[in-house]
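Q:
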Amino acid sequence: MEGSDAGFTGIVLGLSRADVEWVVQARMVPARIVAFSPLSTLVLGLSREKTLKRSDLSIRHASPWTPVLLAVWALAAVAFFLAIASFLRPGLTEYRVPFVLLTILLGILAIIVTGLAARQRTKASSGSQGGTSRDDVPWLPDIPLDPAIAAPEIALVVLAIAFFLVLGAFVLFLVWLPAVFLVISLVTFGAWWRLHRVAFVMTSQHRPADLKAVGQDLLGRGAILSRTWDGYLEAPSIRVAADRRRLYAMSWRFFVLFGIASLGLASVLVGERFFPSPDWTYAILPLAGAGVLFFAALLGSVYRLRFR
1137 MEGSDAGFTG
1147 IVLGLSRADV
1157 EWVVQARMVP
1167 ARIVAFSPLS
1177 TLVLGLSREK
1187 TLKRSDLSIR
1197 HASPWTPVLL
1207 AVWALAAVAF
1217 FLAIASFLRP
1227 GLTEYRVPFV
1237 LLTILLGILA
1247 IIVTGLAARQ
1257 RTKASSGSQG
1267 GTSRDDVPWL
1277 PDIPLDPAIA
1287 APEIALVVLA
1297 IAFFLVLGAF
1307 VLFLVWLPAV
1317 FLVISLVTFG
1327 AWWRLHRVAF
1337 VMTSQHRPAD
1347 LKAVGQDLLG
1357 RGAILSRTWD
1367 GYLEAPSIRV
1377 AADRRRLYAM
1387 SWRFFVLFGI
1397 ASLGLASVLV
1407 GERFFPSPDW
1417 TYAILPLAGA
1427 GVLFFAALLG
1437 SVYRLRFR
């Protein structure tokens, strides 16, 4: 039985810690429960489809690069937007050169730190089951540094692409999506917020029958369970758990697509304000239409999950 030697670790998504504790205690299973808030779940990527589908949920280690990466990229993002503002706002014209130089310096520093972190992340990924990294920077893309080191001209292209990719990922996943997350939580009367409550259930002493009962009780309360629970559930419950994971993955994709569309629309509207032109309409209408479509699909998937 899966996890019988090294203990069991399972993710419960969509229930409060109190609800999970009540179910576990009612079945008298000695387990440790670690809960995360919805925003922590979003930033740390605890509810990612790959995470929920993993057959091994060893404790995720906190990467020592995380605070450094967040700090450096936050400074680089601020400097970058200040440099952009210096070209758009007449009052900031005299600071244009310092802002541009600061952006370049912080960009180089951010790329160096990201490159080092990416190498460590790749090593951690190759040493984990299924090639899935267990660090807590899921938004950090793997950067192909080997070709860049071999050819300086390729290095410039790779560094430029890396800067905008990681800066874009930072702004999207750590700034924009959390804000969109809160807005959608308000619109759905807290359903989207409650759906992202995460609890890790960890136990080293267990019987398959006990975990089967706990898993079925959690499913009965509407929880989304990680794949590690499947080894203890019966076939009908496994189908329900897999179906909920699929629906949740679909809702997450709609959420990210809506976030990208809304961020693109906001950027276009800002551009239209500073550079008025009727041509902006060709970008505004498709982005607005896509945003409405993804938002409607997201709402539908959320309520399908809540009432399934």
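Remember, the working numbering sits 1136 above the position in the sequence shown when you count from 1. C-beta atoms are modelled at their ideal positions from N, C-alpha and C, and glycine is treated no differently. Note that this is a predicted model, so its numbers are computed, not measured.
If you reduce the DSSP assignment to three classes, tell me which class Ala1167 lands in.
A: In this structure, Ala1167 counts as coil in the three-state DSSP scheme.
Q: By a C-beta neighbour count over all protein chains shown, 10 Å radius and 16 as the cutoff for buried, is Phe1235 buried or exposed?
A: So Phe1235 ends up on the buried side.
Q: Taking the runs of the alpha helix (DSSP H) that are 4 residues or longer, which of them lie wholly in the segment 1322-1359?
A: The qualifying runs are 1327-1331 and 1344-1356.
Q: Residues in its own chain within less than 7 Å of Met1386 by CB, not counting five upstream and five downstream?
A: The answer, listed in chain order, is Ser1437.
Q: Beta-carbon within less than 6 Å of Thr1177's beta-carbon, same chain only, minus the 5 sequence neighbours each way: which residues are those?
A: Closer than 6 Å at Cβ, skipping near neighbours: Ser1183, His1332 and Val1334.
Q: For Gly1181, does the three-state DSSP call read helix, strand or coil?
A: Looking at Gly1181 - three-state DSSP - the assignment turns out to be coil, as it is neither helix nor strand.
Q: Assuming Thr1145 is part of the beta strand (DSSP E), what are its boundary residues?
A: Phe1144 to Leu1149 is the span of the beta strand (DSSP E), which, as asked, contains Thr1145.
Q: Measure from the alpha carbon of Pro1166 to the alpha carbon of each residue in Asp1415, Trp1416 and Thr1145, then state which is nearest.
A: It is Thr1145.
Q: Classify Phe1394: buried if its beta carbon has 16 or more other beta carbons within 10 angstroms, exposed otherwise.
A: So Phe1394 ends up on the buried side.
Q: Would Gly1351 be called buried (16 or more neighbouring beta carbons within 10 Å of its own) or exposed?
A: Answer is buried; the Cβ neighbour count reaches 16.
Q: Have a look at Val1302 and Ala1210 and give me their C-alpha separation to the nearest angstrom.
A: The straight-line gap from Cα to Cα measures roughly 11 Å.
Q: So, at 7 Å on beta carbons, what are the nonlocal neighbours of Gly1427 in its own chain, with the 5 sequence-adjacent residues on each side left out?
A: Here the set comprises Phe1394, Ala1397, Ser1398 and Leu1401.
Q: Thinking just about the alpha-carbon of each residue, which of Trp1388, Glu1408, Arg1409 and Leu1405 is nearest to the one in Phe1430?
A: Cα-wise, what sits closest to Phe1430 is Trp1388.
Q: Drop a sphere of 10 angstroms on the beta-carbon of Gly1326, count the other beta-carbons inside from all chains shown, and report buried for 16 or more, exposed for fewer.
A: It is exposed - the Cβ of Gly1326 has fewer than 16 other Cβ atoms within 10 Å.
Q: Excluding five sequence neighbours on each side, which residues of the same chain lie with their C-beta closer than 8 Å to the C-beta of Arg1101?
A: Past the edges of the chain, shown from 1137 to 1444, lies residue 1101, and the structure says nothing about it.
Q: Out of Met1338, Val1404 and Pro1412, point me to the one whose CA is closest to Leu1421's CA.
A: The candidate whose alpha carbon is nearest that of Leu1421 is Val1404.
Q: Which residue from Leu1245, Phe1390 and Arg1190 puts its Cα closest to that of Val1316?
A: Ranking the options by Cα distance to Val1316, first place goes to Phe1390.
Q: Identify, in the order they occur along the chain, each residue of the same chain with its Cβ nearer than 8 Å to the Cβ of Asp1353, setting aside the five sequence neighbours on each side.
A: Counting only Cβ-Cβ distances below 8 Å, and skipping sequence neighbours, we find Val1159, Ala1162 and Arg1163.
Q: Please state whether DSSP places Phe1172 in a helix, a strand or coil.
A: Residue state, collapsed to three classes: strand.
Q: In angstroms, rounded to a whole number, what distance separates the CA positions of Ala1154 and Leu1441?
A: Near 20 Å, if we compare the C-alpha coordinates of Leu1441 and Ala1154.
Q: Hey, how far is the Cα of Thr1364 from the Cα of Thr1339?
A: So the two alpha carbons sit approximately 13 Å from each other.
Q: Could you spell out the range, first to last residue, of the alpha helix (DSSP H) harbouring Asp1379?
A: Ala1371 to Phe1410 is the span of the alpha helix (DSSP H), which, as asked, contains Asp1379.
Q: Quickly, what does DSSP pair Leu1361 with across the bridge? List them, please.
A: In the DSSP output, where bridge partners are listed per residue, Leu1361 has Val1148.
Q: Quick one: is Leu1241 buried, meaning 16 or more other Cβ sit within 10 Å of its Cβ, or exposed?
A: Flag for Leu1241 reads exposed.
Q: Between Ser1152, Leu1188, Gly1358 and Leu1310, which lies nearest to Ser1115 when the distance is taken from Cα to Cα?
A: Because the chain here runs from 1137 to 1444, residue 1115 falls outside it and cannot be looked at.
Q: Following the continuous alpha helix (DSSP H) through Glu1230, name the residue where it begins and the one where it ends.
A: Element bounds for Glu1230: n/a, residue is neither H nor E.
Q: In the DSSP assignment, find the unbroken alpha helix (DSSP H) run with Tyr1439 in it and report its ends.
A: Run containing Tyr1439: Thr1417 to Arg1442, per the alpha helix (DSSP H) assignment.
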